[in-house]
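Take a look at the structure set out below.
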Amino acid sequence: MTQSAFIHAVLNPDAPVPTGLTDASGRPASARFNVYRNNVAVSLKEALSSGFPAIKSLLGTAFFDAMTGVYLRAHPPKSPRLALYGETFPDFLAGFDPLRHLPYLPDVARLEYALRQSYHAADTTALTPDALQTPDALIRPLRLAPSVFWIESAYPVTQIHAAAFGGPNPTGGAETALVTRAIFDPVATGFPPGTSAVLMALNAGTSLDEALTVAPPLLDLSVFLSALLTGGALTLPQDTAHV
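When we follow this note's numbering, the leftmost residue of the sequence shown carries the number 47, and every step to the right adds one.
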């Protein structure tokens, strides 16, 4: 029995019990293996359920449970860290035929995964609002904290995400979804499409003054800067930021 054969049998309920798998008495361990196989599937489904609650809310529990059963067998974990399981889930949703009529779902899943990444990201020392009051504040090179993530979407994903938990119906269209984490809980904020250019510039170590030159015309700079500062998003270059 090879490791790949064992994994295949664990993830496929219709697969036969691997040959040579026995209990302490040398008898076939079919019953025990089936229990183990079921426990693996349940734990992976629970990880996806807790990791993508908005997707589950939008699709309903029954559909989500059936769909994640398909996903986990095609995309088993590549890391023992179940807290970050589901990296390929957004792309899976994009190619899942029953969801072709819901083209915004992959980006909602990308937002949820970004929120999870932010939660587990390393801590860093963020700049306070007072630090931007110094004479060189606008020309000093900056970086983004490891907990900062963003996605560009053709849909109002932050609003769709909020609506999944009882928020108002989404309005508007494309946006840049910015994820920040001040202390423990990440927050997603929607900004005009193209705001990611500013974020990429900041994360490359440019100054705030220089980064804002690529801001889209509709970006409210006061709201944007407030989100960065209250979200603990800005650091000095010696801190390592996540791209």
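Each residue gets a CB set at the ideal place from its N, CA and C atoms; glycine is no exception.
Scanning Ser253, Thr222, Asp255 and Ile229 for the CA closest to the CA of Pro238 turns up Thr222. Spanning the alpha carbons of Val260 and Leu271 requires a straight line of approximately 14 Å. Considering only Asp137, Ala234, Arg227 and Leu248, the residue with the shortest C-alpha distance to Leu282 is Leu248.
Every alpha helix (DSSP H) of 4 residues or more that sits fully in the region 163-247 is shown, in chain order, as 203-209. Of the other Cβ atoms in all chains shown, fewer than 16 fall within 10 Å of the Cβ of Asp266; this residue is therefore exposed. By a beta-carbon distance limit of 8 Å, Ile197 contacts Leu157. Their separation comes to about 6 Å.
Excluding five sequence positions before and after Leu258, the CB atoms of its chain that fall closer than 8 Å to its own CB belong to Val244 and Leu267, given in chain order.
Taking Pro175 as the centre and dropping the five residues before and after it, the same chain places the C-beta of Leu275 closer than 8 Å to its C-beta, in chain order. Going by DSSP, Tyr117 is part of the alpha helix (DSSP H) stretching over Thr107 to Ala120.
Within its own chain, the residues whose Cβ lies closer than 6 Å to the Cβ of Arg83, once the five positions on either side in sequence are excluded, are Val56, listed in chain order.
DSSP places Leu157 in the helix class (H, G or I) of the three-state scheme. With respect to Leu130, Arg162 sits close: the two C-beta atoms are nearer than 8 Å. Sorting Ala208, Leu190, Gln205 and Asp60 by C-alpha distance to the C-alpha of Leu254 places Leu190 at the top.
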